[in-house]
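Engineer:
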Amino acid sequence: MPELPEVITTINYIYPYIINKKIKDIWFDKKTKIENLTNKSISQLKNKCITDIYNIGKYILFNIDNDLTLIIHQKLSGHLLFSKFKIDQTTWKSPETNSPINDPNNRFIRFALKFNNQWLALSDSRRLARITLTNTKNLQKIKPINQMGINPLSNNWKYDLFKQKLKTHSIEIKKALLSQNIISGLGNIYSDEVLFKSKIKPTRKIPTLSEKELKQLFKYIPLILTEAIKNKGTTFNTYRNPDGNSGKFINYLNVYQRKNKNCKICNNKIESIKINGRTSYFCNHCQK
Ligand SMILES: [Zn+2]
1 MPELPEVITT INYIYPYIIN KKIKDIWFDK KTKIENLTNK SISQLKNKCI TDIYNIGKYI
61 LFNIDNDLTL IIHQKLSGHL LFSKFKIDQT TWKSPETNSP INDPNNRFIR FALKFNNQWL
121 ALSDSRRLAR ITLTNTKNLQ KIKPINQMGI NPLSNNWKYD LFKQKLKTHS IEIKKALLSQ
181 NIISGLGNIY SDEVLFKSKI KPTRKIPTLS EKELKQLFKY IPLILTEAIK NKGTTFNTYR
241 NPDGNSGKFI NYLNVYQRKN KNCKICNNKI ESIKINGRTS YFCNHCQK
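The opening position of the sequence shown corresponds to residue 1 in the numbering used here, with each subsequent residue numbered one higher.
#1: With DSSP as the reference, please indicate the residues paired to Glu271 in a beta bridge.
#2: Would you mind reading off the limits of the alpha helix (DSSP H) that contains Leu161?
#3: Around ligand 1, which residues pass a check of Cβ closer than 6 Å to any of its heavy atoms?
#4: Can you check the segment 161-238 for any beta strand (DSSP E) of at least 3 residues that lies completely inside it and give the ranges in chain order?
#5: In the DSSP assignment, what are the bridge partners of Ile26?
#6: Secondary structure at Glu3, three-state DSSP: helix, strand or coil?
#7: Going by the beta-carbon positions, is the gap between Ile72 and Ile229 smaller than 8 Å?
#8: Can you tell me where the beta strand (DSSP E) with Phe108 in it begins and where it stops?
#9: CB Asp124 to CB Ser77, shorter than 8 Å?
#10: Can the beta-carbon of Glu211 be found less than 8 Å from the beta-carbon of Ile200?
#11: Use the C-beta contact count for Thr97: other C-beta atoms within 10 angstroms, 16 or more gives buried, fewer gives exposed.
#12: Rounded to whole angstroms, how far is the Cβ of Leu133 from the Cβ of Asn36, which I believe are closer than 8 Å?
#13: Here's a check: name, in chain order, each residue in its chain whose Cβ is nearer than 6 Å to the Cβ of Lys93, leaving out the five neighbours to either side.
#14: Just to confirm my understanding: we take Phe115, look at its own chain, exclude 5 residues before and 5 after, and list those with CB closer than 6 Å. What are they?
#15: Using CA atoms only, rank isn't needed, just tell me which of Gly247, Ser272, Leu253 and Ile173 is closest to Gln216.
#16: Based on Cα-Cα distance, which residue from Tyr281, Ile56 and Lys48 lies nearest to Asn188?
#17: Below 6 Å CB to CB, which residues in the same chain sit around Ser41 once its five sequence neighbours on both sides are set aside?
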């Protein structure tokens with residue numbers, strides 16, 4: 001699933017192309033569910049401008065100049081692409097030889113907005129992405145957007161607040177890092193990487209964490225996310241950048257999806273454990 005670095009990479013890429021640009025056309029297939037969407041509201045989008053693009057956690061928000069906001073959560077297999085696509089009945093094609101559409105993973109287009117001669121298209125093989133259209137003034141009523149935890153890349157990232165948020169829970173630290181209402185934007189990849197760098201096992205319960213360990217977490221959460229953004233995120237299976245390329249942070253992962261490979265620090269084998277149905281990767285030697 002795209003996490004904060006992939007969401008921000010996507011926004012950074014598409015922003016200059018679509019900010020203050022008019023939506024020339026809208027396309028979605030019959031099975032695509034757009035929450036709150038009626039024929040009337042979809043027609044309201046046509047010829048309107050995108051006035052802002054930003055994220056709240058893993059949600060991408062597009063403000064539109066008629067006081068509407070389009071919200072996309074890419075979920076497990078969704079990702080946004082931006083290119084000169086062409087729709088030929090139900091098949092998406094491209095006149096360009098190096099088009100993202102040449103990658104079979106990018107052919108599951110469910111929803112698309114046209115700007116000039118290019119489309120912003122959501123490819124989603126498993127159809128789990130969520131698209132919502134709402135009045136901008138109602139944004140703060142939408143769950144879970146109105147319950148998001150601290151953004152690790154914002155000015156609200158303060159140690160006291162971070163500690164206070166965590167300390168109200170006694171769950172495993174891995175589970176807490178994944179809880180979007182505590183810290184927003186972390187998923188399975190980056191929470192495992194943060195725990196490795198912080199030298200903390202994913203199964204540790206929050207009350208057992210020392211002040212030093214909490215400070216390590218506080219330091220490494222934004223640090224690893226920033227490094228991942230510099231490398232345009234991580235591509236394992238489905239995620240692609242809007243130009244169709246893969247994120248390069250996979251080259252810098254220490255534990256995630258590295259089961260039985262050697263730890264880059266101590267050479268012991270990386271292990272995995274299930275926590276709440278999610279596989280966590282860790283080094284039993286480096287992490288305490
Ligand atoms: Zn190790």
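Cβ atoms here follow ideal geometry from the backbone N, Cα and C, with glycine treated the same way.
Structural biologist: Per the coordinate set shown:
#1: DSSP output for Glu271 lists Phe282 as bridge partner(s).
#2: Residues Tyr159 to Lys167.
#3: After applying the 6 Å Cβ criterion, the set is Cys263, Ile265, Cys266, Asn268, Cys283, His285 and Cys286.
#4: Complete beta strand (DSSP E) runs here, min 3: none at all.
#5: Under DSSP, Ile26 shares a beta bridge with Leu113.
#6: In the three-state reduction of the DSSP assignment, Glu3 falls in the coil class, being assigned neither a helical nor a strand state.
#7: One thing to note: Ile72 has its Cβ no nearer than 8 Å to the Cβ of Ile229.
#8: Phe108: not part of any beta strand (DSSP E); DSSP gives it neither H nor E.
#9: Going by C-beta atoms, Asp124 is nearer than 8 Å to Ser77.
#10: Their beta carbons are not under 8 Å apart, which means Glu211 does not touch Ile200 by this criterion.
#11: With fewer than 16 Cβ atoms within 10 Å of its Cβ, Thr97 is classed as exposed.
#12: Indeed, because the Cβ distance is near 5 Å, the residues count as touching under 8 Å.
#13: If we look at Lys93 and ignore the five residues flanking it on each side, its Cβ neighbours are Lys86.
#14: Shown here for Phe115: same chain residues with a beta carbon closer than 6 Å to its own, the five before and five after excluded, namely Ile18 and Lys21 in chain order.
#15: Taking only the C-alpha atoms, the option nearest Gln216 is Ile173.
#16: For the residues Tyr281, Ile56 and Lys48, the minimum Cα distance to Asn188 belongs to Tyr281.
#17: For Ser41, where only same-chain residues beyond five positions count, the Cβ hits under 6 Å are Leu133.
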